[in-house]
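Reading through the structure tokens given below for one structure.
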Amino acid sequence: MSNHSFMEQPVSDWMRGTGPDSDIVISSRIRIARNLNGLPFPLLATNQQSAESLSRLTKVTESPDFSQLGHFQAISLTELTDMERQVLVEKHLISPNLANESRNGGLLLKDDESVSIMLNEEDHLRIQCLYPGLQIHEAWNEASRIDDVFEAQVDYAFDEKRGYLTSCPTNVGTGIRASVMMHLPALVLTQQINRILQAVAQVGLAVRGLYGEGSEATGNLFQVSNQITLGQSESEIIDNLYGVVKQIIEHEKSAREQLIQQSNTRLTDRICRSYGILKHAVVIDSKEASQRLSDIRLGSDLEMLKDVTGTALNELLVMTQPGFLQHIYKKPMSADERDIYRARLIRDTLGNKRDIAE
Amino acid sequence: MMCQQCGQKSATLHFTKIINGEKTEFHICESCARDKGELIPGAPNGFSIHNLLSGLLDFDMTNGSSQLQSGLYGIKSTQEVMRCDHCGLTFSQFSKMGRFGCDACYKSFASRLDPLLKRVHGNIVHVGKIPKRNGIVMQRKRELIALREKLQLSIQQEQFETAAQLRDEIRKIEQDLSGEAEAK
Ligand SMILES: [Zn+2]
Ligand SMILES: [Zn+2]
């Protein structure tokens with residue numbers, strides 16, 4: 054196994070639990086898609102052609118201008134084990150598409166893991182900036198700065214009328230996908246979430262659960278993102294998303310207020326009960342774990358639980374995923390075994406190191 | 006409406022094929038369409054009409070009706086298939102995958118893209134960032150359009166001093182642009 058730092062260090066920049074509105078917004082992400090002029094998109098490229106696009110883009114990353122952007126580690130997807138690729142996906146640093154389907158796929162990962170540059174994903178080039186808290190404008194500024202460095206040295210596929218040309222028509226134009234990850238337990242508990250989600254959909258944004266499919270979110274984590282990439286400028290897209298996220302934050306805050314005023318005892322019981330279970334459970338499946346972790350995250354935000362940090366919770370979010378669990382304990386596991394090791398990892402992280410006979 | 010092929014079942018699929026500007030309408034039932042599917046040229050093995058239709062339904066259906074507008078239903082000759090010269094992808098393959106093969110596909114399939122993009126984005130023209138190196142001319146063209154709009158407005162509001170200034174700016178950009186055109 055190679056010794057990549059992303060395997061040893063569980064905390065990416067986005068998991069720090071810091072940044073504006075970090076009691077509700079976990080992370081902000083910008084991803085922009087670009088392609089090289091005159092070469093087929095990766096899906097239809099021959100091996101030789103995708104090697105060509107890889108080499109053109111790699112050349113940029115070795116230029117002096119690129120080194121101004123910070124220190125990056127260059128990784129070839131073929132040199133990674135399945136588990137390493139899975140960990141990168143679980144840390145949200147690469148897309149499942151790059152992990153599983155790319156040919157001549159490449160990754161440039163910034164040292165603090167706030168920037169991933171994916172080569173030969175569905176598009177030749179995808180630049181991702183992932184920041185903690187609500188920092189969507191900051192993430193865009195950084196992504197755009199990186200984009201400028203590439204643009205100065207390679208010819209992009211760009212059309213006067215359609216903008217940046219992408220493999221999928223849903224990305225054409227700006228090629229931008231801006232998304233914000235939110236923790237919305239009070240809106241779920243007070244059953245206002247569906248009304249909010251419908252309203253969000255009506256202004257051209259999409260909402261989906263973090264690890265779950267469709268609208269069923271595990272751990273009350275929701276990702277809000279733009280759908281439209283053509284006919285709106287980047288700043289319109291980002292301002293629109295930012296404005297909607299700010300409104301959702303206000304709704305979540307007043308729902309938390311409402312819970313405290315109307316059912317404080319029940320809420321406290323729920324949070325402390327989950328804390329107790331996580332500190333003592335010997336077997337826990339991922340669905341229960343994410344629900345309980347959501348409860349104690351709320352408890353920590355409301356300052357009911359004083360010794361649980363946001364960073365620890367974000368770490369657990371990632372480390373309790375199958376790939377990371379198997380990596381930490383250095384062995385392949387069945388689903389049943391994972392439930393045991395997941396419980397152990399949570400106990401250890403929450404500071405209950407007492408050994409339990411196994 | 007009855008199926009034009011078998012004349013027995015009612016037609017549920019309606020095609021409009023346009024070849025060299027000549028429009029032919031074609032109404033067919035689903036089972037006949039499935040039979041015809043084998044004859045679609047340019048289709049890789051196992052590429053049935055059903056895949057084709059499900060792809061088209063994803064991208065081409067308007068107003069939730071079963072009315073299909075298709076210009077690619079070529080049965081007799083491969084020349085009727087819309088294909089990207091650069092990467093070889095056909096429009097039907099694009100419809101099935103939902104992915105373009107190369108940047109030239111956008112030009113090759115241009116005549117079919119407006120409704121699709123309109124449906125996905127509500128818009129068909131890019132207004133965001135432009136590559137700096139290749140985009141200077143375009144950036145200036147956009148400025149020109151904005152300035153002309155301002156000019157109209159200032160004339161309507163009888164702000165003639167502003168209008169005169171705007172006119173100078175517009176003239177300067179126009180000269181720059183024609184200079185660049187000559188240089189090329
Ligand atoms: Zn028939
Ligand atoms: Zn093409």
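These protein sequence lines map, in sequence, to chains B and C.
Numbering of the first sequence is given in this note's numbering, commencing with residue 54 and proceeding in unit increments.
Numbering of the second sequence is given in this note's numbering, commencing with residue 6 and proceeding in unit increments.
All C-beta atoms in this analysis are idealised placements derived from N, C-alpha and C, irrespective of residue type, glycine included.
| Item | Value |
| --- | --- |
| Do F94(B) and D208(B) have their CB atoms nearer than 8 Å? | no |
| Spatial neighbours of V168(B) within its chain, please: C-beta separation below 6 Å, excluding the five flanking residues on both sides. | C182 |
| Does any residue of chain B have a CB that is nearer than 8 Å to the CB of K101(C)? | no |
| Just to confirm, does S113(C) get its C-beta within under 7 Å of one of the non-hydrogen atoms of ligand 2? | yes |
| Run down chain B in chain order and give the residues with a C-beta less than 8 Å from the C-beta of D119(C). | Within 8 Å Cβ-Cβ: nothing; D119(C) doesn't reach chain B, min ~10 Å. |
| For G284(B) and L94(C), I'd like the C-alpha separation in whole angstroms. | 26 Å |
| List the residues of chain C whose Cβ lies closer than 9 Å to the Cβ of D212(B), in chain order. | D108, Y111, K112, H131 |
| Please find out if some non-hydrogen atom of ligand 2 comes closer than 7 Å to the beta-carbon of H91(C). | yes |
| At a CB-CB cut-off below 7 Å, which residues of chain B make contact with L182(C)? | Residues of chain B passing the Cβ test: none, with the nearest at roughly 14 Å. |
| Kindly list the residues whose CB is nearer than 6 Å to the CB of A192(B), restricted to its own chain and excluding five residues on each side of it in sequence; keep chain order. | S81, I83, C182, Y184 |
| In chain B, which residues lie with their C-beta within 7 Å of the C-beta of M143(C)? | E213 |
| Identify whether R84(B) lies in helix, strand or coil by the three-state DSSP scheme. | strand |
| Output the boundary residues of the beta strand (DSSP E) element that contains M234(B). | 229-236 |
| Taking just the CA atoms, how far does L366(B) sit from K340(B)? | 15 Å |
| Could you round the C-beta distance between L130(B) and S155(B) to whole angstroms and report it? I think they count as a contact, below 8 Å. | 6 Å |
| Kindly indicate which three-state DSSP category P185(B) falls into: helix, strand or coil? | strand |
| In chain order, what residues of the same chain have a beta carbon less than 8 Å from the beta carbon of L118(C), not counting five sequence neighbours either side? | Y111, I129 |
| What is the residue span of the alpha helix (DSSP H) that M60(B) lies within? | 58-61 |
| When DSSP labels each residue in this structure, what does A127(B) get in the three-state scheme? | strand |
| Go to M171(B), then tell me how far its beta strand (DSSP E) extends in each direction, as first and last residue. | 168-172 |
| CA-CA distance, L97(B) and H145(B)? | 26 Å |
| Can G228(B) and R87(B) be called in contact, C-beta distance under 8 Å? | yes |
| Any heavy atom of ligand 2 inside 7 Å of the beta-carbon of G103(C)? | no |
| Less than 7 Å separating the Cβ of G106(C) from some heavy atom of ligand 2? | yes |
| Output yes if chain B places a C-beta closer than 8 Å to the C-beta of L94(C); else output no. | yes |
| With a 10 Å radius around its C-beta and 16 neighbouring C-beta atoms as the bar for buried, classify I54(C) as buried or exposed. | For I54(C), the predicted structure reports a pLDDT of 38, less than 50, and the residue's modelled location is therefore unreliable. A value from the coordinates is still provided. Per the 10 Å Cβ criterion, buried. |
| For R400(B), count neighbouring Cβ atoms within 10 angstroms of its own Cβ and tell me buried if that reaches 16, exposed if not. | buried |
| Is the closest heavy atom of ligand 3 to the C-beta of C110(C) under 7 Å? | Here the bound small molecules are ligand 1 and ligand 2; ligand 3 is not part of this structure. |
| Mind pulling the chain C residues with CB within less than 7 Å of Y209(B)? | P136 |
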